[in-house]
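Below: the structure, in structure tokens.
2 protein chains.
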Amino acid sequence: MTHPATDQPKDQSATPFLEVIPLGGMGEIGKNITAYRYGDEIMVVDGGLAFPESHQMGIDLIIPRIDYLQQNAGLIKGWILTHGHEDHIGGLPYILTRMPRVPVYGAPLTLGLVREKLLEFGVKDGEIDLQEADVESRVKIGTHFDVQFIRMTHSIPDNAGYILTTPVGKIIHTGDFKLDEEPRDGKLSDLGKIEQAGKEGVLLLISDSTNAERPGHSVSEAEVARNLETVIAGCKGRVFMTTFASNVNRIQNVIDIAHRQSRRVVMEGRSMLKYAQVAQQVGYLELPDPFLTNDEVGGLQDQQVLYVCTGSQGQPMSVLSRLAFGNHAKIALRRGDSVILSSNPIPGNEEAVNLVINRLYEIGVDVYYPPAYRIHASGHGSQEELATVLNLARPKFFLPWHGEPRHQINHARLAQTLPRPPKRTLIAKNGDVVRLGPDEFKVTGTVPAGAVYVDGLGVGDIGDDVLLDRVSLSQEGVLIMTAVLHPTPSVEVVSRGFARANRDLDNQIRKVALEAVENGLREKRRLEDVRDDMYGAVRRFVRKATGRNPVLIPLLVD
Amino acid sequence: MTHPATDQPKDQSATPFLEVIPLGGMGEIGKNITAYRYGDEIMVVDGGLAFPESHQMGIDLIIPRIDYLQQNAGLIKGWILTHGHEDHIGGLPYILTRMPRVPVYGAPLTLGLVREKLLEFGVKDGEIDLQEADVESRVKIGTHFDVQFIRMTHSIPDNAGYILTTPVGKIIHTGDFKLDEEPRDGKLSDLGKIEQAGKEGVLLLISDSTNAERPGHSVSEAEVARNLETVIAGCKGRVFMTTFASNVNRIQNVIDIAHRQSRRVVMEGRSMLKYAQVAQQVGYLELPDPFLTNDEVGGLQDQQVLYVCTGSQGQPMSVLSRLAFGNHAKIALRRGDSVILSSNPIPGNEEAVNLVINRLYEIGVDVYYPPAYRIHASGHGSQEELATVLNLARPKFFLPWHGEPRHQINHARLAQTLPRPPKRTLIAKNGDVVRLGPDEFKVTGTVPAGAVYVDGLGVGDIGDDVLLDRVSLSQEGVLIMTAVLHPTPSVEVVSRGFARANRDLDNQIRKVALEAVENGLREKRRLEDVRDDMYGAVRRFVRKATGRNPVLIPLLVD
Numbered sequence: 001m002t003h004p005a006t007d008q009p010k011d012q013s014a015t016p017f018l019e020v021i022p023l024g025g026m027g028e029i030g031k032n033i034t035a036y037r038y039g040d041e042i043m044v045v046d047g048g049l050a051f052p053e054s055h056q057m058g059i060d061l062i063i064p065r066i067d068y069l070q071q072n073a074g075l076i077k078g079w080i081l082t083h084g085h086e087d088h089i090g091g092l093p094y095i096l097t098r099m100p101r102v103p104v105y106g107a108p109l110t111l112g113l114v115r116e117k118l119l120e121f122g123v124k125d126g127e128i129d130l131q132e133a134d135v136e137s138r139v140k141i142g143t144h145f146d147v148q149f150i151r152m153t154h155s156i157p158d159n160a161g162y163i164l165t166t167p168v169g170k171i172i173h174t175g176d177f178k179l180d181e182e183p184r185d186g187k188l189s190d191l192g193k194i195e196q197a198g199k200e201g202v203l204l205l206i207s208d209s210t211n212a213e214r215p216g217h218s219v220s221e222a223e224v225a226r227n228l229e230t231v232i233a234g235c236k237g238r239v240f241m242t243t244f245a246s247n248v249n250r251i252q253n254v255i256d257i258a259h260r261q262s263r264r265v266v267m268e269g270r271s272m273l274k275y276a277q278v279a280q281q282v283g284y285l286e287l288p289d290p291f292l293t294n295d296e297v298g299g300l301q302d303q304q305v306l307y308v309c310t311g312s313q314g315q316p317m318s319v320l321s322r323l324a325f326g327n328h329a330k331i332a333l334r335r336g337d338s339v340i341l342s343s344n345p346i347p348g349n350e351e352a353v354n355l356v357i358n359r360l361y362e363i364g365v366d367v368y369y370p371p372a373y374r375i376h377a378s379g380h381g382s383q384e385e386l387a388t389v390l391n392l393a394r395p396k397f398f399l400p401w402h403g404e405p406r407h408q409i410n411h412a413r414l415a416q417t418l419p420r421p422p423k424r425t426l427i428a429k430n431g432d433v434v435r436l437g438p439d440e441f442k443v444t445g446t447v448p449a450g451a452v453y454v455d456g457l458g459v460g461d462i463g464d465d466v467l468l469d470r471v472s473l474s475q476e477g478v479l480i481m482t483a484v485l486h487p488t489p490s491v492e493v494v495s496r497g498f499a500r501a502n503r504d505l506d507n508q509i510r511k512v513a514l515e516a517v518e519n520g521l522r523e524k525r526r527l528e529d530v531r532d533d534m535y536g537a538v539r540r541f542v543r544k545a546t547g548r549n550p551v552l553i554p555l556l557v558d
Numbered sequence: 001m002t003h004p005a006t007d008q009p010k011d012q013s014a015t016p017f018l019e020v021i022p023l024g025g026m027g028e029i030g031k032n033i034t035a036y037r038y039g040d041e042i043m044v045v046d047g048g049l050a051f052p053e054s055h056q057m058g059i060d061l062i063i064p065r066i067d068y069l070q071q072n073a074g075l076i077k078g079w080i081l082t083h084g085h086e087d088h089i090g091g092l093p094y095i096l097t098r099m100p101r102v103p104v105y106g107a108p109l110t111l112g113l114v115r116e117k118l119l120e121f122g123v124k125d126g127e128i129d130l131q132e133a134d135v136e137s138r139v140k141i142g143t144h145f146d147v148q149f150i151r152m153t154h155s156i157p158d159n160a161g162y163i164l165t166t167p168v169g170k171i172i173h174t175g176d177f178k179l180d181e182e183p184r185d186g187k188l189s190d191l192g193k194i195e196q197a198g199k200e201g202v203l204l205l206i207s208d209s210t211n212a213e214r215p216g217h218s219v220s221e222a223e224v225a226r227n228l229e230t231v232i233a234g235c236k237g238r239v240f241m242t243t244f245a246s247n248v249n250r251i252q253n254v255i256d257i258a259h260r261q262s263r264r265v266v267m268e269g270r271s272m273l274k275y276a277q278v279a280q281q282v283g284y285l286e287l288p289d290p291f292l293t294n295d296e297v298g299g300l301q302d303q304q305v306l307y308v309c310t311g312s313q314g315q316p317m318s319v320l321s322r323l324a325f326g327n328h329a330k331i332a333l334r335r336g337d338s339v340i341l342s343s344n345p346i347p348g349n350e351e352a353v354n355l356v357i358n359r360l361y362e363i364g365v366d367v368y369y370p371p372a373y374r375i376h377a378s379g380h381g382s383q384e385e386l387a388t389v390l391n392l393a394r395p396k397f398f399l400p401w402h403g404e405p406r407h408q409i410n411h412a413r414l415a416q417t418l419p420r421p422p423k424r425t426l427i428a429k430n431g432d433v434v435r436l437g438p439d440e441f442k443v444t445g446t447v448p449a450g451a452v453y454v455d456g457l458g459v460g461d462i463g464d465d466v467l468l469d470r471v472s473l474s475q476e477g478v479l480i481m482t483a484v485l486h487p488t489p490s491v492e493v494v495s496r497g498f499a500r501a502n503r504d505l506d507n508q509i510r511k512v513a514l515e516a517v518e519n520g521l522r523e524k525r526r527l528e529d530v531r532d533d534m535y536g537a538v539r540r541f542v543r544k545a546t547g548r549n550p551v552l553i554p555l556l557v558d
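Sequences listed follow chains A and B, in order. Under the UniProt record's numbering, the final residue of the first sequence carries the number 558; numbering is consecutive throughout. Under the UniProt record's numbering, the final residue of the second sequence carries the number 558; numbering is consecutive throughout.
In structure tokens, the structure reads:
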């Protein structure tokens, strides 16, 4: 299925092409990581994680396969990080610790979050060579990669794309972006650099496809803030607001709103506190009043308090879920409170969020959430924004990235409708080796790529076979038959997740199993065959009696 | 938690109140069934099923608990059906077969679908007393219930609400509805009857809350048809269209469009064929050209064929899924084909539908779906439609129904904004006994209500304990330790869904288990205690070594 990537010559001066090798984030939304190779130099971008889909049961998180990087570890000259979201940095503790020590460049907030993460994983300070490079800086990686960061607005500060100048030409990678015309810090996306590069000639554009199916322009953070201000102004009692903990600008806006409306802010939930702390450390969160703890709000009136809490995705252990289900240790919601969800459910979380919202209604609190209230905005640009970048960059070649096939293909189609469409667009997959030269743009091979499952302490010890077993177990449970052969054959039956305790059924199963065993012994069959006989007999009986196919485990004790 | 419902006097003439007892569909969307009791007469409406949520693993479907009806079976005088959707009739084979034989009234298509369903379940013809009553008819149930059906537009033909005239006053139940101003058959919702009842005085309105959070007016079926016509006209090759099989009017529109565009229609998929057949039997599907089978289209050109197929919800065995994943026995999609999803994913099906759409893009077919194409419309009315019904009915009391708490409560709030708001609104739950009199409207008790799980052939033999086991099994798998005590103690370990085969880990677990067993035997502990020791030791070891908590099953063979 995969084969070694390159027959690339060692003599760099003669190398007419570069390779773009997405190891994650291409054909999916999640676990972004991209390698660029020129001659015997490799530069890597990001190292994210993905969250499991519903059939990936029990998996905590998913990181990209990095066999290619491990096999070519000696060629890696440096690493750059575009921003601090989990799908771009969440895999780094697993990845960087398996890599040689090379400079890892990132902006202050991004590095602050990476440091926090490495600390949690017990990686020693200094083991990773983190180098601060703000979103307007320029760094050189190896001898062939010149990286000029570009500030791009997104749903986290310090977000960057970059212009990569290489021996074969210029590549623009937008990173995750929207074109917010009213960002909280007043710092717009640096379209000037993209336009300038476009004039000089861009060989390849790699651009964010997340919202390629959405017409128009994504909502600005400022409009969200204005709507939040109106909603909060209408709340008579306590306010509980949730959003993505990483959305520092949104949280800054809410802190400002609270100040203007004479409410003191309480931060609740581990990740909310962690992001706020890191953001404060790098100077991205200004507090007109210090945060209070829940214990300190006792003297305040209800309309003087605003809680910012975790739980925008209905996570069972989050603050909002515990509030909704009435099992928070210190706080109980009551009629007169307001809950504001400044967020949308991420695909897969709809059911959990819906459950929380319904519980909040049942308690009798007022609940505000989109779309009835326009209090959330995507961090990714819609079609107009994508078109603007394509029009400015005027790339010769185009690689729609950060999207599933539906998003990539609609992004490609959008590009074709513009006045100066790219000469060629590729819909690439993870592991594709995309060869890029002044007149060359094609997939020339593949390297291993895919998902490594993290479950508990195990990294990669769960494969699709184990997941299939979990799916089977989840559907009909497990039924274990233990046959003891001596002195007199007997069978015990134990089940979990199969059916409510039912002595009759158990007895029947035991009888069917025992008959099979006795027949087998009488016919002096081999023990494996006796076990298979028991398995087959019980399987047929259970299917007929119950219409079910539990996972059957036959055990023989000789 | 529950207590017998009523201290209702036997002497009916003196009875000042009626009871409305929702047994399903109140506080949820699904498994609709409502009982009305007046004195010693009960009338029942519908008998639906619900589909499991993601944590209800392996469950095929859910039917309502009907203990109350079973306990009061002798009082049931009749049954009415509002329409043929699964959430209104899907539970009937389980329910009606446990009930005394009483007249069950429904419109032709509804009864046709019920008959089909009873047949599948092996219920003998005539065992259930099905009585045809069209959506403009009037029937008497017992001596106290006068039911006047009202035609209401919805996403299936023959859909009805009803005006129930009782000794305590008039009740209007909308049933599922939208106010489609351009229905396929030209037959509008019969608002005249609602208006007339409103003038005479409506004591209680029970109304569909599904879209109570959506502003405006739901899209009409005619607009969907116009947009489908445009999309299909633009397709150069074969067209594969999917929608809900029960949406007979939509399918009629597509058949008409195909005829106008000189395409022959092929129906693919069991449920598509079933609904089409029943609809034809009752005269609700007119075929300008007979359907072709896939074998008969060989002679036609690509642009002369339109397939109507199952799979709008991404169901794994549906025609569209098999086409998308390339495992349909007879048909292979190819570039140039078009696939049209005239549907939205029902909550819970988003992931499956997304997967199918992405696969279709990968194949290279053109894919059309909402919201980019306005080719689906909800069957339920939005706020303007709900307001219209409230304004016409002008009920004294109001019971928002067919919705989760968020929908019920927003429906209640909407009612309060109208010129003549109801005097009182209740947010009821399944099992609530709502006492209704000329001046009385309150919950006076509860009866058992809730979910009965159907899994394979088992009805009700799976409870929440079994489901919790299934969730545990799905998360970390199962690990079975079999300790054989004689002559020399030994332990075998088997696991499923826990981790990839790992001899080292298995050996360590075996060693830990064996130590616990040997210690226990040495200390001459009781066998249960030895088993618990083994369980505890392995649990601690596994948690520490892997960070996981599989379901552990310790077995001792003495």
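Here a beta-carbon is modelled for each residue, glycine too, at the ideal position from N, C-alpha and C. Bear in mind that the values here come from a model prediction, so they are computed numbers and not experimental data.
I'd like to know if the stretch 84-100 of chain B and the stretch 31-38 of chain B are in contact, where contact means that at least 3 CB-CB pairs between them fall below 8 Å. yes
Proximal residues of chain A, C-beta to C-beta of Asn227 of chain B below 7 Å: In chain order: nothing, as chain A lies at least about 16 Å away.
Helix, strand or coil at Phe17 of chain B according to DSSP, with G and I counted as helix: coil
Distance check for Ile42 of chain A and Gly142 of chain A, CA to CA, integer angstroms please. 8 Å
Contact with chain A by Gln475 of chain B, beta-carbon distance below 7 Å: yes
Mind listing which residues of the stretch 365-376 of chain A have their C-beta closer than 7 Å to chain B's C-betas, in chain order? Ala372
For the stretch 474-508 of chain A, which residues have a CB atom closer than 8 Å to at least one CB atom of chain B, in sequence order? Ser474, Gln475, Glu476, Gly477, Val478, Ile480, Thr482, Val484, Glu492, Val494, Arg496, Gly497, Phe498, Ala499, Arg500 and Asn502
Is the CB-CB distance between Val433 of chain A and Gly445 of chain A below 7 Å? yes
Can you have a look at Asn507 of chain B and say buried or exposed, based on whether 16 or more other CB atoms are within 10 angstroms of its CB? exposed
In the structure shown, what three-state DSSP assignment does Thr388 of chain A receive? helix
From this set, A:Pro405, A:Gly456, A:Val517 and A:Glu200, which residue's C-alpha is nearest Gly547 of chain B's C-alpha? A:Gly456
Return the bridge partner residues of Glu132 of chain B from the DSSP annotation. B:Gly106
Which word fits Thr82 of chain B, buried or exposed, when buried means at least 16 other C-beta atoms lie within 10 angstroms of its C-beta? buried
Consult DSSP for Ser472 of chain B and reduce its assignment to one of helix, strand or coil. helix
State the DSSP-derived secondary structure class of Tyr373 of chain A, mapped to helix, strand or coil. coil
Measure the C-alpha to C-alpha separation of Ile363 of chain A and Lys140 of chain A and round it to an integer number of angstroms. 57 Å
Whose Cβ in chain B lies nearer than 9 Å to the Cβ of Glu53 of chain A? Glu351 and Leu355
DSSP-derived helix/strand/coil call for Pro554 of chain B: strand
Kindly list, in the order they appear in chain A, the residues whose Cβ is closer than 8 Å to that of Glu19 of chain B. Per Cβ cutoff of 8 Å: no residues; Glu19 of chain B is ~23 Å from chain A at best.
Counting contacts by CB-CB distance shorter than 7 Å, is residue 569 of chain A in contact with chain B? The first residue shown for chain A is 1 and the last is 558, placing residue 569 of chain A beyond what the model contains.
Quick one: is Asn358 of chain B near chain A, going by C-beta distance under 7 Å? yes
Quick check on the DSSP output: what are the complete beta strand (DSSP E) runs of length 3 or more inside the stretch 35-122 of chain A, in order along the chain? 41-45, 61-64, 76-80 and 103-106
By how many angstroms is the C-alpha of Pro395 of chain B removed from the C-alpha of Ile194 of chain B? 10 Å
Proximity winner among A:Gly27, A:Gln313 and A:Glu86, relative to Gly47 of chain A (alpha-carbon distances): A:Glu86
Where does Asp558 of chain B land, buried or exposed, given buried means 16+ other C-beta within 10 angstroms? exposed
Should His402 of chain B go down as buried or exposed, given a rule of 16 or more other Cβ atoms within 10 Å for buried? buried
I'd like the span of the beta strand (DSSP E) that includes Pro400 of chain B, first residue to last. Phe397 to Trp401
For Val102 of chain A, the nearest candidate out of A:Thr166, A:Val45 and A:Val266 (CA to CA): A:Val45
DSSP three-state call for Gly520 of chain B: helix, strand or coil? helix
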